[in-house]
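Accompanying notes for the structure given below.
Protein chains: 2
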Amino acid sequence: MTSKEGFRSALKVNPGVEQPPTINSNIASRLKSKKRKLLDPDQYAQGIFNRDISVLSQAITLIESSLPSHHELGQKVIEKCLPHTGKSIRIGITGVPGVGKSTFIEALGGAITQAGGRLAVLAIDPSSERSKGSILGDKTRMETLCNDPNAFIRPSPSAGSLGGVARKTRETIILCEAAGFDTIFIETVGVGQSETAVHSMVDFFLLLMLAGAGDELQGIKRGIMEMADLIAITKADGQNVNKAKSARVQYESALHLFPMPESGWLPRAKTCSSVTKEGINEVWEQILEYVEFTKQSSFFQKRRLEQAKYWMFQTITESLKDDLFHNPQVKALIKATEQDVLADRISSFAAAKRILDFYKSI
Amino acid sequence: MTSKEGFRSALKVNPGVEQPPTINSNIASRLKSKKRKLLDPDQYAQGIFNRDISVLSQAITLIESSLPSHHELGQKVIEKCLPHTGKSIRIGITGVPGVGKSTFIEALGGAITQAGGRLAVLAIDPSSERSKGSILGDKTRMETLCNDPNAFIRPSPSAGSLGGVARKTRETIILCEAAGFDTIFIETVGVGQSETAVHSMVDFFLLLMLAGAGDELQGIKRGIMEMADLIAITKADGQNVNKAKSARVQYESALHLFPMPESGWLPRAKTCSSVTKEGINEVWEQILEYVEFTKQSSFFQKRRLEQAKYWMFQTITESLKDDLFHNPQVKALIKATEQDVLADRISSFAAAKRILDFYKSI
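In order, the protein sequence lines correspond to chains A and B. If you're matching positions, the first sequence starts at 9 in the working numbering and goes up one per residue. If you're matching positions, the second sequence starts at 9 in the working numbering and goes up one per residue.
Written as structure tokens, this is what we have:
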């Protein structure tokens with residue numbers, strides 16, 4: 009199979025995507041004016057439904073804003089968009105720096121848009137983890153995709169905790185889906201805390217690995233491999249082909265030793281090259297096969313509903329924690345109590361009680 | 009190496025264990041009276057330091073009690089014990105029903121006590137998970153160890169959430185260590201939510217596996233394998249030996265593919281038989297080697313301190329969550345809001361905000 013023949017678009021799996029884009033020139037011109045005025049929720053929603061990228065970007069900026077008025081407006085836009093969402097395939101892509109993630113996303117993404125798909129590429133790593141190698145801090149590394157009219161690339165929000173970034177990314181997915189993107193990539197660097205968050209907002213989790221790299225080089229966090237629905241061994245070209253093939257066999261037999269995931273899908277390992285494009289189609293086929301398989305078993309929809317509930321509960325918990333742990337008085341007490349715990353003067357549980365009692369008293 | 013020759017006691021690694029036990033007959037006789045009176049914290053502590061098993065059991069019962077006055081007394085005992093703790097090796101042992109966990113614990117535990125060690129066997133699974141096969145619900149399956157004066161077996165607390173059971177188990181470790189037990193086993197069934205909790209309170213995590221059992225039979229949860237410091241393939245005897253040996257090779261090569269854990273210790277796989285006792289010593293040698301290795305690198309102590317902090321923060325978070333999620337009015341609103349989320353009428357984040365705003369208003 010060559011890189012174009014037989015490449016199925018996600019559209020075949022998701023027939024619910026709307027009409028081709030028509031730019032709402034009225035809105036577009038307003039957005040171009042230097043003193044950019046805010047639109048009302050209906051105007052944002054209409055612009056998004058019309059696949060107006062400028063309006064989409066503006067709406068995402070609202071979601072990312074720390075201004076309460078922007079945030080509130082953003083939530084109204086999301087509510088209008090919600091009934092038009094859920095039709096894409098959401099794919100998490102992780103891999104450490106050096107694995108060739110940006111070229112892989114260019115190769116797979118290019119194939120998707122050439123087959124008629126519309127792709128949004130988002131990132132989730134908070135700024136603290138970004139320096140470790142998230143590609144989307146550096147959009148220039150995906151030049152072809154950046155200039156592709158059927159691709160939309162949005163870097164990770166520039167600040168905030170993982171919880172905050174995760175919220176923004178998940179809400180951005182909603183807006184992108186309402187704007188007719190049928191495939192969403194969510195990129196993460198695989199060395200931090202973000203992978204669990206990504207795993208909780210995607211349908212498919214793709215792990216990129218290098219062949220023959222030592223443990224130090226791989227550097228990926230423990231536990232991530234068991235999340236993967238597919239391991240793609242990158243850079244399987246030139247002198248590297250045999251090494252990649254033997255790595256594939258090794259990883260695949262390792263994956264067989266893992267307990268079967270709830271999806272009932274046995275994760276596989278494939279090789280691919282972003283240079284020769286060999287194997288790129290196979291990765292995509294695996295994703296489509298997974299989607300078909302899990303849609304037939306209803307696991308796909310079940311998982312989405314579980315994720316929606318998960319994020320509701322997760323947000324509540326994070327907010328409760330923030331409230332306590334960011335209180336300056338509580339912070340001071342925690343610091344002192346922590347020392348008592350570390351010196352074995354008090355048990356972890358008595359320490360917790362001391363802090364909770366104080367928090368409730370203020 | 010036979011089962012006795014060369015069996016090193018944990019005592020060699022932990023030279024801080026105190027004098028041989030002397031029963032405080034005064035306290036012991038008081039405990040034997042039918043109308044059992046509570047002691048004062050100093051009496052409990054003294055009894056525990058004297059390795060009086062009756063007093064130890066009484067103190068654990070205080071910790072497990074739901075009566076606030078008992079709980080408070082228990083905390084005072086713990087504070088007195090804390091300076092005398094931390095000298096044991098804490099070992100998590102997990103494996104699904106059928107893996108031969110009780111006979112394994114009998115074999116390894118017997119070897120430890122015969123070599124002069126003192127062993128406490130605790131369990132962590134809350135009652136809801138117990139029925140799935142926790143051995144300690146059925147003490148009779150470890151008859152030899154039950155009658156061993158150097159072994160102390162305490163079943164899992166009979167009721168409560170995982171958070172509650174985890175607290176009780178962790179506090180029981182403190183009391184057992186103060187009573188001179190130099191090796192602590194914490195047993196869990198490997199099919200529920202308890203493994204992360206166990207992993208966060210032990211120095212070494214041992215996973216028992218069967219050779220050649222299918223995925224269904226293994227039934228173990230994803231993610232557990234990556235927590236293991238050692239995989240022991242049980243029932244490597246009779247006709248099963250070759251199958252076990254080939255499973256060992258498979259698991260060991262799979263373990264090599266995992267990212268290196270923070271400890272710097274590359275997890276291994278071993279075979280053993282609780283019937284012939286073959287391999288039991290090797291499992292113990294692995295544990296002692298791990299302890300020596302991580303003590304030299306200071307990882308051992310670093311991890312213990314991290315765990316103490318972890319449980320402080322974990323307890324605070326759990327308490328905040330309980331307060332909100334167990335409120336009847338909030339519960340009703342969550343139920344209704346959940347439906348809005350599932351029907352795409354509201355985003356997960358707006359739903360969370362609605363619930364939080366209501367919670368803060370009551």
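By construction, the Cβ of each residue, glycine as well, lies at the ideal position given by its N, Cα and C atoms.
- In this structure, the straight-line span from the alpha carbon of Lys310 of chain A to that of Phe213 of chain B is close to 33 Å.
- The DSSP-derived three-state label of Ala159 of chain A is strand.
- Rounded to the nearest whole angstrom, the C-alpha separation of Ala340 of chain B and Ile86 of chain A is 25 Å.
- With a cutoff of 7 Å on beta-carbon distance, Ile56 of chain A and Ala186 of chain A are scored as near each other.
- By the 16-neighbour rule on beta-carbons within 10 angstroms, Pro336 of chain B is exposed.
- For Ala236 of chain A, the closest of A:Phe266, A:Lys243, A:Lys368, A:Asp245 by C-alpha to C-alpha distance is A:Phe266.
- Of all residues in the region 343–356 of chain B, only Thr345, Glu346, Val349, Leu350, Asp352, Arg353, Ile354, Ser355, Ser356 place a beta-carbon less than 8 Å from a beta-carbon of chain A.
- Within the region 79–133 of chain A, the complete beta strand (DSSP E) segments at least 3 residues long are 97–102, 127–131, listed from N- to C-terminus.
- Within the model, the alpha-carbon separation for Thr191 of chain A versus Ile71 of chain B is close to 53 Å.
- Residue range 61–72 is occupied by the alpha helix (DSSP H) that includes Ile71 of chain A.
- Of all residues in the region 168–181 of chain B, only Arg175, Arg178, Glu179 place a beta-carbon less than 9 Å from a beta-carbon of chain A.
- DSSP places Met217 of chain A inside the beta strand (DSSP E), whose first and last residues are 212–217.
- Glu195 of chain B has B:Ile101, B:Ala131 as its beta-bridge partners, per DSSP.
- Here Glu270 of chain B is exposed, its C-beta having fewer than 16 other C-beta atoms within 10 Å.
- Out of B:Cys89, B:Ser208, B:Lys95, B:Arg59, the CA that lies nearest to the CA of Arg175 of chain B is found in B:Ser208.
- Taking 7 Å as the upper bound on Cβ-Cβ separation, chain A lies near residues Leu313, Ala316, Lys317, Trp319 of the region 299–319 of chain B.
- CA-to-CA, the gap between Ile161 of chain B and Glu300 of chain B works out to about 26 Å.
- According to the DSSP assignment, Leu46 of chain A belongs to no alpha helix (DSSP H), since it is labelled neither H nor E.
- Ranked by how close their Cα comes to the Cα of Leu332 of chain A, the residues A:Asp352, A:Ala159, A:Asp365 have A:Asp365 in first place.
- Counting only Cβ-Cβ distances below 8 Å, Gly272 of chain B has no contacts in chain A at all, with the closest Cβ about 10 Å away.
- Boundaries of the beta strand (DSSP E) around Thr279 of chain B: 276–279.
- With the criterion set as a beta carbon lying under 7 Å from some beta carbon of chain A, the members of the region 329–340 of chain B are Lys329, Leu332, in sequence order.
- Contacts between Glu234 of chain B and chain A, judged by CB atoms closer than 8 Å, involve Arg230, Gly231, Met233, Glu234 in chain order.
- Bridge pairing for Leu238 of chain B: B:Leu214, B:Arg276 [DSSP].
- Shown here, Met268 of chain B sits in coil according to DSSP, grouped into three states, outside any helix or strand.
- Between Asp352 of chain B and Leu90 of chain A, the C-beta gap is smaller than 7 Å, which places the two residues in contact.
- Among the residues of chain B, those whose CB is under 9 Å from the CB of Glu87 of chain A are Arg353, Ile354, Ser355, Ala358, following chain order.
- The beta carbon of His79 of chain B lies closer than 8 Å to those of Leu70, Ile71, Ser73 in the same chain, with the five residues before and after it left out.
- Within the same chain, Cβ atoms closer than 7 Å to the Cβ of Thr152 of chain A are found at Glu114, Gly118, the five residues on either side in sequence being excluded.
- Spatial neighbours of Arg98 of chain A in its own chain (CB-CB distance under 6 Å, excluding positions within 5 residues in sequence) are listed in chain order as Ile192, Val210, Asp211.
- At a cut-off of 7 Å between beta-carbon atoms, Ala123 of chain A makes no contact with chain B.
- Annotation for Thr325 of chain B: the continuous alpha helix (DSSP H) segment containing it runs 307–333.
- Minimum Cα-Cα distance from Asn58 of chain B among the listed residues B:Val349, B:Leu274, B:Gly188 corresponds to B:Gly188.
- Boundaries of the alpha helix (DSSP H) harbouring Leu341 of chain A: 336–350, taken from the DSSP string.
- Within chain A, the C-beta atoms nearer than 9 Å to that of Tyr259 of chain B come from Leu265, in chain order.
- At least one beta carbon of chain A lies nearer than 7 Å to the beta carbon of Pro91 of chain B.
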